[in-house]
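For the sequence shown, my numbering begins at 9 and goes up steadily by one.
C-beta atoms are modelled at their ideal positions from N, C-alpha and C, and glycine is treated no differently.
Every value quoted in this text rests on a predicted model; they were computed, and no experiment measured them.
Before any comments, here is the structure.
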Amino acid sequence: MGSVLMWLKKLKMLKYKHLFDNNSQFVLSDLDEILNQEYLLSLDISQEDAAVMLSSYLDWFTVFNAQRLSSLSSSGSTVRVHRTRVSDSFRTPSDASSSA
9 MGSVLMWLKK LKMLKYKHLF DNNSQFVLSD LDEILNQEYL LSLDISQEDA
59 AVMLSSYLDW FTVFNAQRLS SLSSSGSTVR VHRTRVSDSF RTPSDASSSA
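Structure below.
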């Protein structure tokens with residue numbers, strides 16, 4: 009499991025470490041089901057940095073699930089992976105108003 013500290017270090021965004029520490033989010037899986045653009049912006053993370061974080065997290069999430077599926081398939085199990093929650097966060101305000 010990847011740590012939030014190492015993830016932020018890789019992204020050169022250690023200035024945001026305290027925001028995740030304050031919410032007791034220390035490993036990337038702590039962000040599962042809550043990480044989206046709205047959440048990051050609510051932490052006062054810039055929109056540009058939030059986009060970089062979301063893209064990076066989606067890459068990590070894809071690799072993590074591929075590894076998990078690989079280990080499960082060796083024992084004959086299968087898991088269905090859903091990736092829609094992160095991709096929805098890339099909608100711009102104009103996308104949201106045009107779909108209303």
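Just to confirm, does residue i get its C-beta within under 6 Å of one of the non-hydrogen atoms of the ligand ZN?
i   : result
D57 : Inclusion of the ligand ZN in the displayed structure is not the case, the ligand content being empty and no account of it being possible.
Could you give the DSSP three-state label for residue i: helix, strand or coil?
i   : result
S11 : strand
N44 : coil
With a 10 Å radius around its C-beta and 16 neighbouring C-beta atoms as the bar for buried, classify residue i as buried or exposed.
i   : result
V71 : exposed
L22 : exposed
G45 : With the sequence shown as reference, residue 45 is identified as Gln, and Gly is not the correct amino acid for it. Counting Cβ neighbours within 10 Å, Q45 comes out buried, since at least 16 surround it.
A74 : exposed
Assuming residue i and residue j are in contact, meaning their beta carbons sit under 8 Å apart, how far apart are those beta carbons, in whole angstroms?
i   : j   : result
M61 : L48 : 6 Å
S64 : L19 : 6 Å
D16 : Y24 : The sequence shown places Leu at residue 16, not Asp. Indeed they touch by this definition, with Cβ atoms about 6 Å apart.
Can you name, in chain order, every residue of its own chain whose Cβ lies under 8 Å from the Cβ of residue i, other than the five neighbours on each side?
i   : result
S11 : F34, V35 and L36
S58 : For the record, residue 58 in the displayed sequence is Ala; it is not Ser. Excluding sequence neighbours, A58 sits near Q45, L48 and L49.
By Cβ distance below 7 Å, which residues in the same chain neighbour residue i in space, the five residues on each side in sequence not counted?
i   : result
S32 : none
Look up residue i in the DSSP assignment and give the residues it is bridged to.
i   : result
V35 : S11
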